[in-house]
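Asker: Got a structure here, written out as structure tokens. Questions coming.
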Amino acid sequence: MTATRRPADRATPWIRRLLVAAGTLAAAYGIVGVLTDPSVSLPNYARYAVTVLFGHDLLVLPLAIIVGAVLTRWLPGWARPVVQGALFVTVVLTVVALPLVLGYGRRPDDPSALPRDYTRGFLLCLAAIWLVTAGLLAARALRRAPSTPGPDTQERS
Amino acid sequence: MVRVPEPLTRLHPSRLSRLFTSRLRSPQLTSRIGRLLGIAVAVCFVTGYLSHAIQHPPGWFYWPSRPVYLYRVTQGLHVATGLAIVPLLAAKLWSVYPKLFRWPPFRDPVHAIERLSVFVLVAAALFQVSTGILNIALWYSPMSFFFTTAHYWTAWIFIGALLVHIGVKLPIIRRALGAPGHPVPTGGLSRRGLLTAVGAAIGVITVATIGQTLRPLAGLSVLGPRDPRVGPQGLPVNRSADAAGVTAAATDPAYRLEVVGPGGTLRLSLAELGALAQHTAQLPITCVEGWSATATWGGVRVSDLVAAVGGAPGASVRVESLEQNSLYRISTLAPPHAADPLTLLALRVGGQTLDLDHGYPVRLIAPNRPGVLQTKWVTRIEVLQP
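Residue numbers (the numbering used here), protein chains in the order written: chain A, 8 to 164; chain B, 36 to 421.
And the structure:
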């Protein structure tokens with residue numbers, strides 16, 4: 008890519024136009040489909056789409072940022088990244104697991120639909136995540152301890 | 036002039052985006068996550084379109100009957116990749132979140148349209164991921180619309196808005212991906228750290244669910260919506276005979292399978308079907324929801340029945356169920372599947388008579404097809420001449 012910088016620069020505006028044009032066509036096809044397909048039931052579709060958009064942008068994401076900031080605020084600098092990573096994994100796993108844990112999809116006539124104990128499964132996953140996290144923190148603490156003797160080696164996890 | 040007290044001026048829209056202080060956010064980070072997310076979305080779109088085209092084939096479309104496991108792979112990939120999008124999308128949206136509060140909201144009309152297209156993109160992305168998760172969890176009540184068509188049309192909106200977005204941001208993406216990656220002090224996760232966390236999340240989610248289609252991992256997949264080992268005769272069921280309302284008709288001793296072709300019509304009792312040449316086929320049953328399970332099916336070859344009523348080898352075959360009110364009451368076997376020797380009207384699974392929930396007395400099982408087209412409780416097949 009770097010070897011042919013000049014032709015690439017000349018092609019770029021055309022690539023951009025092509026992407027925007029193709030994208031507009033595809034999106035228009037989808038929008039016309041949503042508007043005209045009666046099985047979509049437009050008012051319900053629109054309500055759902057607006058709910059997930061605003062639910063994410065104005066509720067779930069800011070809440071996740073605030074909770075994450077509060078939970079990691081008083082952690083020492085060496086522990087913070089690991090805990091932040093673990094919180095991230097926890098939160099996205101929860102998104103996937105929650106509908107299964109709630110189990111509204113279970114069917115009395117079909118025991119093979121949602122056959123597992125998902126609360127147990129979710130807790131097992133959380134245990135695995137936080138066990139690994141504890142291991143990483145312990146490794147960091149050990150690596151850190153000999154190099155910086157002093158009062159700030161207190162361990163928190 | 037009124038001086039607004041300090042805490043309130045901080046919430047003024049023009050200052051809102053400055054509340055976000057993480058130095059981890061950068062075009063470099065966003066572009067790196069975006070590249071992975073773009074690949075994942077492309078995989079979902081292609082595999083999803085494929086599944087749609089198999090069920091509603093356009094004129095130009097051809098789908099082979101071999102390899103027998105191909106649909107199992109593409110649909111398993113569709114659901115697994117869709118779940119992997121959750122952490123990618125979460126990190127991507129976090130990385131650009133302050134831009135939502137940009138002030139003034141737009142510079143000019145073109146910028147306003149571009150921002151509107153981003154709203155469409157984010158809404159479509161969240162729609163696809165959330166409805167996909169609800170669907171595999173069989174939780175339909177929050178979706179008061181028909182999932183299948185809504186998910187299909189929104190996929191076009193999603194991919195289209197994504198292409199527009201890439202087109203608009205291409206110079207930023209190129210610059211960001213071409214720039215030398217130097218670590219930025221963040222006071223928390225580094226860029227590499229966040230990407231590792233995203234990777235770890237994809238790993239956990241995948242291992243926790245992929246066993247619904249990869250049997251060796253079924254024991255590990257504690258969050259698999261299905262278990263390929265669990266169900267009547269060790270095989271999952273999507274729609275029970277009771278739910279389909281066919282129990283009485285399927286167990287009626289007067290049951291006859293009607294076979295219609297250019298050479299005439301056969302009406303076969305279960306005993307007569309059992310007296311025809313029997314074959315076995317080891318084939319997966321693959322649900323559009325991403326689970327699959329292999330079983331050994333035994334029964335009569337569809338191609339034998341087609342020949343018995345004078346059908347030509349290149350014919351399509353329409354298969355009808357006893358089920359009355361279902362979108363999938365009828366499925367049509369395209370010529371490659373109708374002629375395939377592995378395509379059976381199965382009477383048995385794993386050596387036993389089919390369970391009522393697996394389609395007793397007779398079900399269709401063909402290689403490389405979605406489960407919704409593997410019609411259960413078959414009452415009639417008709418040869419459609421080419």
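Think of the CB as a built atom: it goes at the ideal place given N, C-alpha and C, for glycine as much as any other residue.
Computed from a predicted structure; not experimentally measured.
Say whether chain B places a C-beta atom closer than 7 Å to the C-beta of Asp44 of chain A.
Answerer: So, interface residue.
Asker: In the DSSP assignment, what residue or residues form a beta bridge with Ile416 of chain B?
Answerer: DSSP output for Ile416 of chain B lists B:Val294, B:Val354 as bridge partner(s).
Asker: Which partner residues does Ser366 of chain B have in the DSSP bridge list?
Answerer: Paired residue(s): B:Val354.
Asker: Using 10 angstroms around the beta-carbon of His372 of chain B, count the other beta-carbons present and answer buried if the total reaches 16, otherwise exposed.
Answerer: When all chains shown are included, His372 of chain B counts as buried.
Asker: When the Cα of Ala126 of chain B is compared with those of A:Ala141, A:Cys132, A:Trp137, A:Pro69, which residue comes out closest?
Answerer: Among A:Ala141, A:Cys132, A:Trp137, A:Pro69, the Cα nearest to that of Ala126 of chain B belongs to A:Pro69.
Asker: Any beta carbon of chain B sitting closer than 7 Å to that of Arg150 of chain A?
Answerer: No, because no Cβ of chain B sits closer than 7 Å to the Cβ of Arg150 of chain A.
Asker: Quick one: is Leu144 of chain A near chain B, going by C-beta distance under 7 Å?
Answerer: Chain B, which has no Cβ nearer than 7 Å to the Cβ of Leu144 of chain A, makes this no.
Asker: Quick one: using the 10 Å Cβ neighbour count with 16 as the cut-off for buried, is Leu247 of chain B buried or exposed?
Answerer: The displayed chain sequence assigns Gln, not Leu, to residue 247 of chain B. Looking at its Cβ environment, which holds 16 or more other Cβ atoms inside 10 Å, Gln247 of chain B is buried.
Asker: On the three-state DSSP scale, how would you describe Glu162 of chain A?
Answerer: Since pLDDT at Glu162 of chain A reaches only 41, below the 50 mark, its modelled position is unreliable, and no value is offered.
Asker: Is any beta-carbon of chain B found at less than 7 Å from that of Ala76 of chain A?
Answerer: No, Ala76 of chain A does not count as interfacial toward chain B.
Asker: Residues in its own chain within less than 7 Å of Val341 of chain B by CB, not counting five upstream and five downstream?
Answerer: For Val341 of chain B, where only same-chain residues beyond five positions count, the Cβ hits under 7 Å are Gly296, Ala350, Val352, Ala373, Val418.
Asker: Pull the bridge partners of Gly299 of chain B from the DSSP assignment, please.
Answerer: Looking at the DSSP assignment, Gly299 of chain B forms a beta bridge with B:Gly296.
Asker: Using C-beta distances below 8 Å, list every residue in its chain close to Arg24 of chain A, excluding the 5 sequence neighbours before and after it, in chain order.
Answerer: Here the set comprises nothing.
Asker: Please state the DSSP three-state secondary structure of His87 of chain B.
Answerer: DSSP places His87 of chain B in helix when its eight states are reduced to three.
Asker: Using a Cβ-Cβ cut-off of less than 8 Å, list which residues of the segment 228-250 of chain B approach chain A; keep chain order.
Answerer: Cβ contacts with chain A: Gly228, Leu229, Thr231, Ala232, Val233, Ala235, Ala236, Val239, Ile240, Ala243, Thr244.
Asker: Candidates B:Thr331, B:Ala381, B:Leu408: which alpha carbon is nearest Ile365 of chain B's?
Answerer: Checked all of B:Thr331, B:Ala381, B:Leu408; the closest Cα to Ile365 of chain B is B:Leu408.
Asker: In the structure shown, what three-state DSSP assignment does Val341 of chain B receive?
Answerer: It is helical.
Asker: Straight-line CA distance for Ile192 of chain B to Pro83 of chain A?
Answerer: If I take the Cα positions, the gap works out to 45 Å.
Asker: Once you ignore the five residues that flank Thr160 of chain A on each side, which residues in its own chain have a CB closer than 6 Å to its CB?
Answerer: Bear in mind that the predicted position of Thr160 of chain A carries a pLDDT of just 42, short of 50, making it too unreliable to give a figure here.
Asker: Taking 7 Å as the CB-CB limit, is Arg23 of chain A close to chain B?
Answerer: By this cut-off, Arg23 of chain A is an interface position.
Asker: For chain A, check one thing: does any of its Cβ atoms lie closer than 7 Å to the Cβ of Ala279 of chain B?
Answerer: Taking Cβ atoms only, chain A never reaches closer than 7 Å to Ala279 of chain B, which makes this a no.
Asker: Please confirm if Trp188 of chain B has its CB atom under 7 Å from at least one CB of chain A.
Answerer: Yes, Trp188 of chain B lies at the interface with chain A (some Cβ there is under 7 Å from its Cβ).
Asker: Quick check: the Cα distance between Leu229 of chain B and Phe162 of chain B, rounded to an integer number of angstroms?
Answerer: Computed Cα separation, rounded: 24 Å.
Asker: So what does Trp137 of chain A bridge to, in DSSP terms?
Answerer: BP columns for Trp137 of chain A are empty, so no partner.
Asker: On the premise that Val384 of chain B lies in contact with Leu292 of chain B, defined as a C-beta separation below 8 Å, what is that separation, rounded to the nearest angstrom?
Answerer: Going by Cβ atoms, the distance from Leu292 of chain B to Val384 of chain B rounds to 17 Å, so no, they are not a contact pair.
Asker: Kindly confirm or deny that the segment 251-266 of chain B and the segment 332-339 of chain B touch, where touching means at least three C-beta pairs closer than 8 Å.
Answerer: They do not touch, by the three-pair rule.
Asker: Out of B:Val199, B:Pro48, B:Ala243, state which residue places its alpha-carbon closest to the alpha-carbon of Thr101 of chain A.
Answerer: Selected option, being the one with the closest Cα: B:Ala243.
Asker: Looking at the C-beta of Met36 of chain B, does it have a partner C-beta in chain A at a distance below 7 Å?
Answerer: With a pLDDT of 49 at Met36 of chain B, under the threshold of 50, the modelled position of this residue cannot be trusted, and the question is left open.
Asker: Can you have a look at Tyr97 of chain B and say buried or exposed, based on whether 16 or more other CB atoms are within 10 angstroms of its CB?
Answerer: So Tyr97 of chain B ends up on the exposed side.
Asker: Where does the unbroken alpha helix (DSSP H) through Leu197 of chain B begin, and where does it stop?
Answerer: Where Leu197 of chain B is concerned, the enclosing alpha helix (DSSP H) stretches over 182-213.
Asker: Taking only three categories from DSSP, how would you classify Gln91 of chain A?
Answerer: Three-state result, Gln91 of chain A: helix.
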